[in-house]
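**Q**
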Amino acid sequence: MPKLKLLHIIIIILSCFSSFCQACNQIDQDSLLSLGFNISSPGLNWSSSTDCCLWEGIKCDANGRVSHLWLPWKGLTGTISLSIGNLTHLSHLNLSHNRLSGEFPSSLSSNYIKIIDLSSNHFQGKIPSTIFRLTQNLITFNVSNNSFNYLTGSLPDDIYTATSLEQLSLSFNHISGSIKNGIVNLTSLKFLELYSNSLTGLIPRDIGKLTNLESLVLHNNSLSGSLPSSLKNCYSNLLRSLPDDIYAAASLEEPSLHFNKLSGFISNDIINLTSLLVLELYSKELIGSIPRDIGKLTNLKYLLLYRNNLSGSLPSSMMNCTNLKTLNLMGNLFAGNLSAYNFSVLSQLETIDLYINMFTGSFLLTLTSCRILMGCKNLNVLFLTMNFMNEATPNYDQNKISDGFQNLRAVSLAGCQLTGQVPLWLSKLTKLEVLLLSGNQITGSIPGWFGNLPSLFYFALSQNNISGEFPKELSRLQPLVIEQNKFNRNKPDLPFFLFPNQNSTSHQYNRIFGLRPTIFLANNSLSGRIPAETGQLKFLNVLDLGNNNFAGSIPNQISQLTILERLDLSKNHLSGEIPASLSSLHFLSFFSTAENNLQGPIPSGGQLHTFPPSSFEGNPEFCSDIANRSSTTQPRTTTNIGLPSKSSNNMDLRNGLIAGTVFGFIIGSVTGIVYPLP
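Right under this line is the structure:
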């Protein structure tokens, strides 16, 4: 009996303790509710009537103080108010991949802060020094890719005192000034990523004291001088140029030879690096050919020679690199007949990007040649953009697709001027997520079976000769339709997929950096009505149907696409009024109904009135307020992800944006860190 009573007492105590742990501090709760961004974001269950420790994205410590504010990929907009400074026990802050703007939150005052990730937002201004005076516990500071407004200024002096830092990521901003020698004090650093800024001066000569470094990425700056010899003390994947003595470093394992001032030839002596796993040479100034004996690098897994002026044919010895997983030769001058190479021996190959080269041959035309790549059973990414010009679209034996290509998740045949119809074999690619067929001469209609591809979220058939109607079956695309808590998938193992958290699904899990859920059918000859079923694509970010022959009215159901960012219905034959419900599309950054037969007023409220007159011009029956608006109104910032009109000569530039966006993240994620909610 005494033992039983003791057990009851323990249960009561634990119950009370559990209850106590979940009780939110009132100051913290009030501060969260006044942060300034849109807490009404879909799925966010924040309410003053509930305990904030139970809110989505919030964790509390044993005293009911907020320790985690973790809301990546939530579509948050607005600014962060000074009230964030009241969260004095905050240890983990992650608001990355939203649309937050304004000044960088300088009021952070928690001495417990360990992780700050505000990357991929729209912040501006300088990084405040005070953040680095708060604590010696800061492990991660990531404000990269605030590229809409950009963070500016120099690296704050106090950053050199944050000795616990393991990740410092400031890439894709406008950070200027030099990297001071004080950086060598950050001896815990593993990831130092400062690329695509405006940094000048020399790389600190003692940077080799950072012996824990696993990633040093400094390209796309204006750094000068030579590479410090002290780097030999670091993990060998930090080398970013080709000093003469590098070829003697036979034990070198993972140099990512990636530096913005690199030029000249690649010496055949590189074959001495027999332990090499990653060879990454990007500079726009490398010339010559790939060393003929590169096949002696049999341990090589990643061969990344993109955006140079390399030429010639591929050395036949490359087929000896049987451990190769990624081959990226985009943006060079390579040529030759690929049919001569037995790619099937590269059984580990996952990614091929040959974008903008001059490869030729029957590579795409016959099943025999197709088997060259069908033998690569692990192939996930196939980018052949702007090669094999004016060939017919490959129309392979349906029964043979099961022997290869079945794992493809991203395919680009854009800009090849291919003729014929959309090939039926694509319907067998049940893992396909990204399909780029823009910039060809494809005819016929859009097959309805596209709607049966269970993973397709980016679909581009722009600038072709496609006719017929918008197939209603496209409104069944699962990643664009199914609610995220109902659309479950195993996480893919591709290097370019980003997982914001352990529960990422649907439109979140498959967001390649900068490549959002899209249906892009502009510059064709599509006709008929835009189907009302389009409104079922609730997770669509981009719908571009411009420069076609669509008629009838704009479906009111488009207003159900609540996270739509780009809507282009220009240069069609649409009639009637713009539905008033479209004013509820608050995320729109681009909107155009120009050159149609629309009439009536612009719907009041919302943001349709914020777009320039060019978004509505060419509709003679529109009300006069359009004509009276200032012609100096500036359009909202938008990223043009499409191809130009049929008369444009800049197709290669637009294609480059698409392919570069996809592969840019493939490269970046080799050394990137993504933290799940602890």
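Following the working numbering, the numbering of the sequence shown begins with 717 at its first residue and continues without gaps.
Glycine included, each C-beta is placed from N, C-alpha and C at the ideal position.
In this text, all values refer to a predicted model and were calculated from it rather than measured experimentally.
Taking C-alpha atoms, which residue in Leu-910, Leu-792 and Pro-872 lies nearest to Leu-939?
**A** Leu-910
**Q** Is it true that the CB of Asn-1036 sits closer than 8 Å to the CB of Gly-1052?
**A** no
**Q** Who are Cys-1037's beta bridge partners in DSSP?
**A** Answer is none; Cys-1037 lacks a bridge partner.
**Q** Rounded to the nearest angstrom, what separates Phe-1229 and Arg-781 at their Cα positions?
**A** At Phe-1229, the pLDDT of 37 sits below 50, so the modelled position is not reliable and the matter cannot be decided from this model.
**Q** Please identify the residue among Pro-1271, Gly-1334 and Gln-1323 whose C-alpha is closest to the C-alpha of Lys-1287.
**A** The option with the nearest alpha carbon to Lys-1287 is Gly-1334.
**Q** With which residues is Gln-883 paired in a DSSP beta bridge?
**A** Thr-856 and Phe-907
**Q** From the DSSP output, in three-state form, read off Asn-1181 for me.
**A** coil
**Q** Give the DSSP-derived three-state secondary structure of Asp-746 in the structure shown.
**A** Asp-746 falls in the helix class under three-state DSSP.
**Q** Once the 5 residues before and after Arg-1008 are set aside, which same chain residues still bring their CB inside 6 Å of it?
**A** Leaving aside the five residues that flank Arg-1008 on each side, the residues in its chain whose CB is nearer than 6 Å to its CB run, in chain order, Pro-1031.
**Q** On the DSSP bridge list, what partners appear for His-784?
**A** Lys-775 and His-808
**Q** How would you call Leu-1140, buried or exposed, if buried means at least 16 neighbouring beta carbons within 10 angstroms?
**A** exposed
**Q** Specify the secondary structure class of Lys-842 as computed by DSSP and reduced to three states.
**A** strand
**Q** Assuming Ser-1305 contacts Arg-1282 (C-beta within less than 8 Å), just tell me the rounded distance between them.
**A** 7 Å
**Q** Counting C-beta neighbours from all protein chains within 10 Å, is the total for Glu-882 16 or more, i.e. buried, or is it exposed?
**A** buried
**Q** Which same chain residues, not among the five before or five after Gly-1160, have their C-beta less than 6 Å away from its C-beta?
**A** If we look at Gly-1160 and ignore the five residues flanking it on each side, its Cβ neighbours are Gln-1137.
**Q** Could you tell me the distance, in whole angstroms, from the CA atom of Glu-996 to the CA atom of Tyr-1018?
**A** The alpha-carbon atoms of Glu-996 and Tyr-1018 are separated by roughly 8 Å.
**Q** Is it true that the CB of Phe-753 sits closer than 8 Å to the CB of Thr-795?
**A** yes
**Q** Write down the C-beta distance between Leu-1124 and Leu-1145 rounded to the nearest angstrom, noting that I regard them as a contact closer than 8 Å.
**A** For Leu-1124 against Leu-1145, the beta-carbon gap comes to about 5 Å, under 8 Å, which counts as contact.
**Q** Anyone know if the C-beta pair for Ile-774 and His-784 falls short of 8 Å?
**A** yes
**Q** Could you tell me if Ser-1330 is buried or exposed, where buried requires 16 or more neighbouring beta carbons within 10 angstroms of its beta carbon?
**A** exposed
**Q** Between the Cα of Glu-1185 and the Cα atoms of Ala-1176, Gly-1164 and Leu-1193, which residue gives the shortest distance?
**A** Gly-1164
**Q** Could you have a look at Ala-1267 and say whether DSSP puts it in helix, strand or coil?
**A** strand
**Q** What does a CB cutoff of less than 6 Å around Gln-1350 pick up in its chain, not counting 5 residues either side in sequence?
**A** The pLDDT assigned to Gln-1350 is 37, lower than 50, so where the model puts this residue is not dependable, and the model offers no usable value.
**Q** Assuming contact is defined by CB atoms lying nearer than 8 Å, are Pro-872 and Phe-848 in contact in what I supplied?
**A** Against a cut-off of 8 Å, the Cβ pair of Phe-848 and Pro-872 comes out as a contact.
**Q** So the candidates are Pro-1317, Asn-862 and Asp-744; which of them puts its Cα closest to the Cα of His-813?
**A** The option with the nearest alpha carbon to His-813 is Asn-862.
**Q** Quick check on the DSSP output: the beta strand (DSSP E) that includes Gln-1157 runs from which residue to which?
**A** Residues 1157-1159.
**Q** Note down the Cα distance separating Asp-767 from Asn-897, rounded to an integer number of angstroms.
**A** 47 Å
**Q** On the criterion of 16 or more Cβ atoms from any shown chain inside 10 Å, does Glu-1149 qualify as buried, or is it exposed?
**A** buried
**Q** To the nearest angstrom, how far is it from the Cα of Gln-816 to the Cα of Ser-836?
**A** The sequence as given places Leu at residue 816; Gln does not occur at that position. The straight-line gap from Cα to Cα measures roughly 9 Å.
**Q** What would DSSP say about Phe-1307, mapped onto helix, strand or coil?
**A** strand
**Q** Mind checking Asn-1240: buried by the 16 CB within 10 Å criterion, or exposed?
**A** buried
**Q** How would you call His-1325, buried or exposed, if buried means at least 16 neighbouring beta carbons within 10 angstroms?
**A** exposed
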